[in-house]
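Notes follow the structure.
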RNA sequence: GGCGCCGUAGCCAAGUGGUAAGGCCGCGGACUGCAAAUCCGCUAUCCAUCGGUUCGAUUCCGAUCGGCGCCUCCA
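In my numbering, the protein residues as written are 2 to 481.
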């Protein structure tokens, strides 16, 4: 197992990760609220989580990954209940809510697959764990960390001295009272947050010992995280915006109930901006993955564009950036294809110096892992890959790499692709139509019928097959 | 007001107290029937600005300018 270090929001330092259970990393990720399509800003966060997870897997760890689906929440209720009459039954309200969340959960999973994001080990739904949440809330009440008011239950942050440890806020520094919900006037302190919300007209509810209501947002992650991963979690991830209050509140809830530290390392991914503006569902300036696909971009290109930036840096999304990512990927994939075949490339130029391909490979691998191990420094890791590509292309132009060398390189390409998921092995076979067009073009070339030959080459290009004539007379192809 | 981040070539982007990785684009050349791919060469005397520390700073400190985030439910 290779050691991996990550930036821990709790300590604001890059620290080596040593899991509680040797060899197995337990990761909890805050998942989507399923009331609409995920936008590319959301997807950046899920992409970063996948990158981290794949890095651990490639480094030799087992990863137990839990990602929640938030399927009860203000906006979900708002959007799912609009068509229901005011006298609708609680059952009808639940059914309507489930219809909406099921629909967008399915779309979310499609997005994950399209971007080659590995499915989490477990994807619990909030509505499936109301009982665990209630138990946790009761636990907090028993410890004096929570109190009921008119059917709602609130967390008493005054009882948790560590409150603010993650966001590094002290209670004095917090602005108070600026946006307290009108229906939460009964809290002891403005910063106290709701664990259980008393029923309101027009909302689906669950019964509880405090009366009918629904869970607060933060409690689901504490309850499900503890239930599924246990009372010691190695890594908890999410977008930077969740640092406060969501994760701060999770710590208060989980550690308040458990009586000891819950998460060792908190890791947060930065935001994505579009044209210099913050994306948010409420601003409505968002693109979904489907929007990119409609514009002709491959979700994997988007994946690469995101992952060629460091996860803790703000990205200003642009279509020029996507185009550049697409070109970079072409170079990597062309190189991979070249290594899959036996060397017979044309080339030229002046000879600089012979290199030892295996030595270069070893160096690339070392550099790659040094970068990834250092808080997932993907730009630097990719630089190692590109340097190898340049070196070996140059070498292969003069002295063809041996089959053994090619295979060793391909192994490295597989290893790096197991993290970046953007230059996989492709099916080597071509269908009959392509084969016959290629044969026809060969015949045309043999008679120097260049017009026909070029026409066939163009036709194949529209089919996604790009031909490359080599010096020795053979014809290579690649997908593009 | 409090806490924090960022500013590196046309664009994207690493990085180090000792003199600027990598990618995209562009230009010239080689190779090619033409291409494609690839190769060779060129493209930041300089890392927002101004001071300071230092033998030496892009890298440390301070200030300034500019962009941004969080301080109650937004990834």
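Backbone N, C-alpha and C define an ideal beta-carbon position, used for all residues, glycine too.
Alpha carbon of residue i to alpha carbon of residue j, nearest angstrom
| i | j | result |
| --- | --- | --- |
| residue 131 | residue 221 | 8 Å |
| residue 85 | residue 333 | 53 Å |
| residue 349 | residue 32 | Its pLDDT being 48, under 50, residue 349 is placed unreliably by the model, and the measurement read from it follows with that caveat. So the two alpha carbons sit approximately 52 Å from each other. |
| residue 26 | residue 425 | 26 Å |
| residue 443 | residue 474 | 10 Å |
| residue 356 | residue 309 | 28 Å |
| residue 239 | residue 250 | 14 Å |
| residue 256 | residue 8 | 21 Å |
| residue 223 | residue 138 | 10 Å |
| residue 180 | residue 191 | The pLDDT assigned to residue 180 is 40, lower than 50, so where the model puts this residue is not dependable; a value taken from the coordinates is nonetheless given after this. Whole-angstrom Cα-Cα distance: 9 Å. |
| residue 57 | residue 121 | 14 Å |
| residue 428 | residue 247 | 45 Å |
| residue 171 | residue 197 | 25 Å |
| residue 369 | residue 420 | 11 Å |
| residue 460 | residue 447 | 18 Å |
| residue 410 | residue 455 | 33 Å |
| residue 417 | residue 394 | 18 Å |
| residue 366 | residue 407 | 15 Å |
| residue 146 | residue 160 | 6 Å |
| residue 347 | residue 433 | Any reading at residue 347 must be qualified, since the residue scores a pLDDT of 49, below 50, and its modelled position is unreliable; the value itself is stated next. Near 27 Å, if we compare the C-alpha coordinates of residue 433 and residue 347. |
| residue 153 | residue 206 | 12 Å |
| residue 322 | residue 277 | 14 Å |
Neighbour-count burial assignment, residue i, 16 or more Cβ in a 10 Å radius
| i | result |
| --- | --- |
| residue 12 | exposed |
| residue 20 | buried |
| residue 14 | exposed |
| residue 440 | exposed |
| residue 236 | buried |
| residue 430 | exposed |
| residue 158 | buried |
| residue 481 | exposed |
| residue 54 | buried |
| residue 64 | buried |
| residue 178 | Confidence in residue 178 is poor, its pLDDT being 38 and thus under 50, which makes the residue's placement too unreliable to answer from. |
| residue 340 | buried |
| residue 219 | buried |
| residue 87 | exposed |
| residue 379 | buried |
Residue range of the unbroken beta strand (DSSP E) whose run includes residue i
| i | result |
| --- | --- |
| residue 9 | 6-9 |
| residue 63 | 63-68 |
| residue 470 | 466-470 |
| residue 168 | It is not in any beta strand (DSSP E) - residue 168 carries neither H nor E in the DSSP assignment. |
| residue 478 | 476-480 |
| residue 30 | 25-30 |
| residue 16 | 14-17 |
| residue 155 | 153-156 |
| residue 95 | Segment 91-115 is the alpha helix (DSSP H) holding residue 95; no beta strand (DSSP E) there. |
| residue 398 | Residue 398 -> not in any beta strand (DSSP E); alpha helix (DSSP H) instead, spanning 379-399. |
Integer Cβ distance of residue i from residue j, believed to fall under 8 Å
| i | j | result |
| --- | --- | --- |
| residue 50 | residue 30 | 5 Å |
| residue 41 | residue 287 | 7 Å |
| residue 126 | residue 72 | 5 Å |
| residue 302 | residue 343 | Going by Cβ atoms, the distance from residue 302 to residue 343 rounds to 29 Å, so no, they are not a contact pair. |
| residue 38 | residue 291 | 7 Å |
| residue 451 | residue 467 | 18 Å between Cβ atoms; not a contact. |
| residue 35 | residue 102 | 5 Å |
| residue 116 | residue 52 | That pair is no contact at about 11 Å. |
| residue 422 | residue 304 | 7 Å |
| residue 60 | residue 2 | 6 Å |
Residue j beta carbon less than 8 Å from that of residue i
| i | j | result |
| --- | --- | --- |
| residue 45 | residue 273 | yes |
| residue 204 | residue 316 | no |
| residue 148 | residue 112 | no |
| residue 211 | residue 232 | no |
| residue 318 | residue 275 | yes |
| residue 244 | residue 325 | no |
| residue 226 | residue 67 | yes |
| residue 187 | residue 151 | yes |
| residue 336 | residue 400 | no |
| residue 141 | residue 306 | no |
| residue 312 | residue 271 | yes |
| residue 89 | residue 156 | no |
| residue 228 | residue 133 | yes |
| residue 445 | residue 436 | no |
Residue range of the alpha helix (DSSP H) that includes residue i
| i | result |
| --- | --- |
| residue 140 | 131-143 |
| residue 215 | That residue, residue 215, is in no alpha helix (DSSP H); its beta strand (DSSP E) goes 214-216. |
| residue 446 | 433-447 |
| residue 419 | 404-421 |
| residue 373 | 358-374 |
| residue 76 | 75-82 |
| residue 245 | From DSSP, residue 245 is part of no alpha helix (DSSP H); its letter is neither H nor E. |
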